[in-house]
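Residue numbers (this note's numbering), protein chains in the order written: chain A, 1 to 121; chain B, 1 to 255.
Data first, discussion second: the structure below is written as structure tokens.
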Amino acid sequence: MTSPKDDSSSTNPQAPQPVNQLANQPTSQNEWPLWEVFIRGQHGMSHRHFGSLHAANAEMAIKNARDVYTRRNEGVSIWVVQANDITASSPSDKGPLYEPAEDKVYRHPSFYKIPDDIGAM
Amino acid sequence: MTASTENALFQCLLRLGDNTLILGHRLGEWCGHAPALEEDIALANTALDLMGQTRHWLTLAGTIEGQGRSEDDLAMLRDVWDFRNVLLVEQPNRDYGHTLMRQYLFDHYHLLMLHGLCDSSDSRLADIAAKSVKEVTYHAERSAELVIALGDGTEESHRRMQDALDRLFPFVGEMFETDAIDETMAQSGIAPLPSSLRPAFDTQLDQVLAEATLSKPTDDFAHQGGRTGSRHSEHLGHLLSSMQWLQRAYPGAQW
Numbered sequence: 001m002t003s004p005k006d007d008s009s010s011t012n013p014q015a016p017q018p019v020n021q022l023a024n025q026p027t028s029q030n031e032w033p034l035w036e037v038f039i040r041g042q043h044g045m046s047h048r049h050f051g052s053l054h055a056a057n058a059e060m061a062i063k064n065a066r067d068v069y070t071r072r073n074e075g076v077s078i079w080v081v082q083a084n085d086i087t088a089s090s091p092s093d094k095g096p097l098y099e100p101a102e103d104k105v106y107r108h109p110s111f112y113k114i115p116d117d118i119g120a121m
Numbered sequence: 001m002t003a004s005t006e007n008a009l010f011q012c013l014l015r016l017g018d019n020t021l022i023l024g025h026r027l028g029e030w031c032g033h034a035p036a037l038e039e040d041i042a043l044a045n046t047a048l049d050l051m052g053q054t055r056h057w058l059t060l061a062g063t064i065e066g067q068g069r070s071e072d073d074l075a076m077l078r079d080v081w082d083f084r085n086v087l088l089v090e091q092p093n094r095d096y097g098h099t100l101m102r103q104y105l106f107d108h109y110h111l112l113m114l115h116g117l118c119d120s121s122d123s124r125l126a127d128i129a130a131k132s133v134k135e136v137t138y139h140a141e142r143s144a145e146l147v148i149a150l151g152d153g154t155e156e157s158h159r160r161m162q163d164a165l166d167r168l169f170p171f172v173g174e175m176f177e178t179d180a181i182d183e184t185m186a187q188s189g190i191a192p193l194p195s196s197l198r199p200a201f202d203t204q205l206d207q208v209l210a211e212a213t214l215s216k217p218t219d220d221f222a223h224q225g226g227r228t229g230s231r232h233s234e235h236l237g238h239l240l241s242s243m244q245w246l247q248r249a250y251p252g253a254q255w
């Protein structure tokens, strides 16, 4: 066979100019943004958090999630959301947010006698 | 089935199985080295899909040949001149752009071929094709998206994808070359004529290249000799020496 072509055609002035799509992402130029992955399993009713990965855009994040997290038939549906878009509660607010619920045992439905003929609930 | 049809079918199955075997091995070479963890896993998945398809094609080839050769015998104990893969799939990985461009060019030919084989008059081929076509539909979608993203990406990614296209385009023509074996397969309704797949391939290629802002080379010269085995590139020998060394050094070794 003949030798491979030389790389001389890369300076073709007719070639359309590339649009810098990937550089529009709000992270450093060399790193894809982080996405959180939620997957609904075969018998699951809701999507559950599975992990996170990097991808240039949402479509690629779905494909990467398919390849990284559903190789063993784990899922029937995938959601991805960019990690930056998640608003999380602050760990330092733990006291005011959660502690008031600790001494309110009457909010648990554990004071009822369940009649025997109801069976397992 | 006459003896000559049977021999043509054997050759046809080697072509199918050797394409997926050699490309699967090439993709496996990236394992642990791909530019991103996510790409590494995705590429390994594709390689495993191709290896699974190889097992079906080569097992059936061994059955048709009737000499008692297994899938492993065919994969591990043949030398360069007995391989029937197209030259495109034995081309080295070079950079990631070359790997993805090679994948895109092969995936789209592969998908068209498998769609044709789903209607094969031989149900054994139709069954393998029906299973493979789902896997390859995903491969083709993924590789097209990446060619577009990188072609229409940064200045550097665009340059690398154009280089890859310029280097690999001369290997496209061979996939659609039609010889006496293909004629026999088409007449028996076993496999589509490769040349009949070219128009659909070209339409799709033009669309993807336009979106990727890449220019198709104007020279339609095509390297030949892979699918007949008459003139493989030197790259195949190196690939086989790494792929086959264990069976060559320890004949019959199992795990």
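Think of the CB as a built atom: it goes at the ideal place given N, C-alpha and C, for glycine as much as any other residue.
Taking 7 Å as the cut-off between beta carbons, the residues of the segment 25-51 of chain B near chain A are Ala36, Glu38, Ile41, Ala42 and Asn45, in sequence order.
By alpha-carbon distance to Asn64(A), the top candidate from Gly119(A), Ser92(A), Ser46(A) and Leu34(A) is Leu34(A). Across the structure, Tyr98(A) and Ile86(A) are spaced so that their CA atoms are roughly 20 Å apart. For His43(A) against Trp79(A), the beta-carbon gap comes to about 17 Å, at or over 8 Å, which does not count as contact. The alpha-carbon of Arg26(B) is positioned some 25 Å away from that of Leu53(A). Annotation: the continuous alpha helix (DSSP H) that includes Ser4(B) extends over Ala3 to Gly28. By the neighbour-count criterion, in which a residue is buried when 16 or more other Cβ atoms sit within 10 angstroms of its Cβ, Ile114(A) is exposed. Annotated three-state conformation of Trp81(B) is helix, per DSSP. Judged by DSSP in its simplified three-state form, Val89(B) adopts helix. For Leu214(B), there is no enclosing alpha helix (DSSP H), as DSSP marks it with neither H nor E.
Scanning the segment 178-215 of chain B from its first residue to its last, the whole alpha helix (DSSP H) runs of 4-plus residues come out as 180-187 and 198-211. When the Cα atoms are used, Arg159(B) and Gly151(B) turn out to be separated by approximately 8 Å.
At least one CB of chain A lies nearer than 7 Å to the CB of Arg142(B). Proximity of chain B to Val80(A) at the Cβ level (cut-off 7 Å) is not reached, the minimal Cβ distance being about 12 Å. From the beta-carbon of Glu174(B), no residue of chain A is found nearer than 9 Å; the closest lies around 10 Å away. By the criterion of at least three beta-carbon pairs nearer than 8 Å, the segment 102-113 of chain B is not in contact with the segment 178-189 of chain B. Contact annotation for Glu145(B) against chain A: Glu59, Met60 and Lys63 [CB-CB distance below 8 Å, chain order]. By the Cβ test, the segment 65-76 of chain B is not in contact with the segment 196-204 of chain B, since fewer than three Cβ pairs between them sit closer than 8 Å. Residue state for Arg69(B) is assigned as coil, using DSSP reduced to three classes. The Cβ of Asp116(A) sits no closer than 7 Å to any Cβ of chain B. With a 10 Å radius around the Cβ and a threshold of 16 neighbouring Cβ atoms, Trp245(B) comes out exposed. Taking 7 Å as the cut-off, the Cβ atoms of Thr2(B) and Thr184(B) do not count as close. For the C-beta of Arg71(A), the chain B residues within less than 7 Å are, from N- to C-terminus, Asn45. In the DSSP assignment, Gly75(A) falls within the beta strand (DSSP E) that extends over Gly75 to Gln82. If you draw a straight line from the Cα of Thr59(B) to the Cα of Gly51(A), it comes to about 39 Å. Buried is the label assigned to Asn45(B), since at least 16 other Cβ atoms lie within 10 Å of its Cβ.
Annotated as proximal: Ala75(B) and Leu21(B), with beta-carbon spacing under 7 Å.
The Cβ atoms of Ser132(B) and Gln187(B) lie no closer than 7 Å to each other. Around the beta carbon of Leu37(B), a 10 Å sphere encloses fewer than 16 other beta carbons of the protein chains shown; the residue is thus reported as exposed. Under the Cβ distance rule, Val68(A) counts among the residues neighbouring chain B, one pair being separated by less than 7 Å.
Here His33(B) carries a coil assignment [DSSP, helix/strand/coil].
When the Cα atoms are used, Leu112(B) and Leu197(B) turn out to be separated by approximately 7 Å.
Per DSSP, Glu36(A) lies in no alpha helix (DSSP H) segment; the continuous beta strand (DSSP E) that holds it begins and ends at Leu34 to Gly41. The alpha-carbon separation between Ala126(B) and Ala88(A) amounts to approximately 52 Å.
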